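Heads up, the thing below is written out as structure tokens.
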Amino acid sequence: MRKPIIAGNWKMFKTRNEALKFIYAVSDKLPDIEKVDSVICAQFTVLRCLVKRQGENLRIGAQNLHFENEGAFTGEVSAPMLKEINVSYVIVGHSERRAMFNETDEAINKKLHKALEYDITPILCVGESLEQRESGQTEAHLAEQLEKDLAGLTAEQVKDIVIAYEPIWAIGTGKTATSEVANETCKFIREKIASMYDQDVADAIRIQYGGSVKLNNIHELMMMPHIDGALIGGASLDPEDFVKLVEAAVK
Ligand code: PGA
58 MRKPIIAGNW KMFKTRNEAL KFIYAVSDKL PDIEKVDSVI CAQFTVLRCL
108 VKRQGENLRI GAQNLHFENE GAFTGEVSAP MLKEINVSYV IVGHSERRAM
158 FNETDEAINK KLHKALEYDI TPILCVGESL EQRESGQTEA HLAEQLEKDL
208 AGLTAEQVKD IVIAYEPIWA IGTGKTATSE VANETCKFIR EKIASMYDQD
258 VADAIRIQYG GSVKLNNIHE LMMMPHIDGA LIGGASLDPE DFVKLVEAAV
308 K
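Just add 57 to wherever you are in the sequence shown, counting from 1, and you've got this note's numbering.
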């Protein structure tokens with residue numbers, strides 16, 4: 058059985074004070090870490106204060122990292138820097154970074170290698186545009202992303218990665234993929250992993266759905282056999298909602 062994982066992606070929201078209010082509001086309310094992994098992926102300046110107060114049932118993640126350890130890369134943050142402050146997860150290849158910051162599959166692949174080298178669990182985002190979905194390109198596009206992004210990673214490494222399937226047309230738009238479509242696509246991703254590695258890896262890897270996940274659709278999504286959790290943007294900003302979203306994932 059795969060343990061469900063709910064990750065909030067705060068994007069560029071919350072100052073330190075706002076982040077602290079959130080963490081105090083959720084502490085002691087989240088379900089046991091034995092039953093579900095709860096993660097908040099926050100922006101860089103609040104990571105340290107969140108890690109210090111994360112409590113037993115919550116882990117903290119970053120939203121990006123650079124693939125070099127150090128160097129002349131103005132504005133970037135590296136894996137050893139995140140590891141030093143005990144960050145546990147990092148989102149890699151979010152569609153906003155692919156689209157707005159020109160992140161390539163090649164860079165994403167190097168970032169995955171680097172995060173794993175430093176024992177930070179990557180949440181790799183993949184997903185198709187509306188145009189690709191409507192023209193029947195979804196599977197080909199996802200297969201290409203997975204092949205390029207995971208290149209050179211061993212089966213043992215891939216087992217530890219979390220994949221977030223996020224159709225770009227569903228992010229922040231209020232349009233969710235139906236649970237059936239989300240499940241079918243996560244199933245395709247699992248089969249692709251089986252063909253690239255083996256069935257053990259495919260059975261072990263956790264695949265989240267992301268894109269307008271809210272309190273009114275999480276239960277249905279979590280009932281689906283191939284959906285092991287959710288990557289949640291907007292709805293993760295409110296502490297009460299976040300606790301309820303995590304509770305909904307406990308099977
Ligand atoms: P959303 O964002 O839940 O606000 O649609 C999801 C994401 O971008 O990870």
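Cβ coordinates follow ideal geometry from the N, Cα and C atoms, glycine included.
The model shown is predicted, which means the values in this text are computed figures rather than measured ones.
According to the DSSP assignment, T178 belongs to the beta strand (DSSP E) that extends over T178 to V183. By the Cβ neighbour-count rule, N273 is exposed, with fewer than 16 other Cβ atoms within 10 Å of its own.
Going by DSSP, S236 is part of the alpha helix (DSSP H) stretching over S236 to M253.
Contact annotation: A287 and Y266 have beta-carbon atoms nearer than 7 Å. A check of alpha carbon separations from T161 across E75, G150, I218 and K78 identifies G150 as the nearest. Between the alpha carbons of V144 and N126 lies a gap of roughly 15 Å. Restricted to the region 97 to 121, the alpha helix (DSSP H) segments that are unbroken, complete and at least 4 residues in length are 101 to 109, listed in chain order. Comparing alpha carbon positions, the residue from K92, N114, A119 and S95 closest to R105 is A119. With a cutoff of 6 Å, L288 counts as near the ligand PGA, since its C-beta is closer than that to a heavy atom of the ligand. In the three-state scheme derived from DSSP, where H, G and I count as helix and E and B as strand, Q265 is classed as strand. Counting every other CB atom within 10 Å of its CB across the protein chains shown gives R263 a total of 16 or more, marking it as buried.
S95 is the residue among E201, F158 and S95 whose C-alpha sits nearest the C-alpha of I80.
Relative to the ligand PGA, the beta carbon of I165 is positioned no closer than 6 Å to any heavy atom. In chain order, N274, E277, L278, M280, M281 and I284 place their CB closer than 8 Å to the CB of S236, counting only its own chain and leaving out the 5 sequence neighbours on each side. Collapsing the DSSP output to three states places H198 in a helix. Per DSSP, the unbroken alpha helix (DSSP H) holding V303 starts and ends at P296 to A306.
Contact between the region 174 to 181 and the region 127 to 141 is present: 3 or more CB-CB pairs across the two stretches fall below 8 Å. Around the beta carbon of A259, 16 or more other beta carbons sit within 10 angstroms, so the residue counts as buried. Between the alpha carbons of D85 and F158 lies a gap of roughly 37 Å. I63 is positioned such that its CB atom lies closer than 7 Å to that of A306.
By the Cβ-count criterion, S152 is buried, with 16 or more other Cβ atoms from all chains shown falling within 10 Å of its own Cβ. Here S293 is buried, its C-beta having at least 16 other C-beta atoms within 10 Å.
Taking a 10 Å sphere around the C-beta of K232, we find fewer than 16 other C-beta atoms and assign the residue as exposed. Exclusion of the five residues before and after F299 leaves G65, V83 and S293 as the residues of its chain whose Cβ lies within less than 7 Å of its Cβ.
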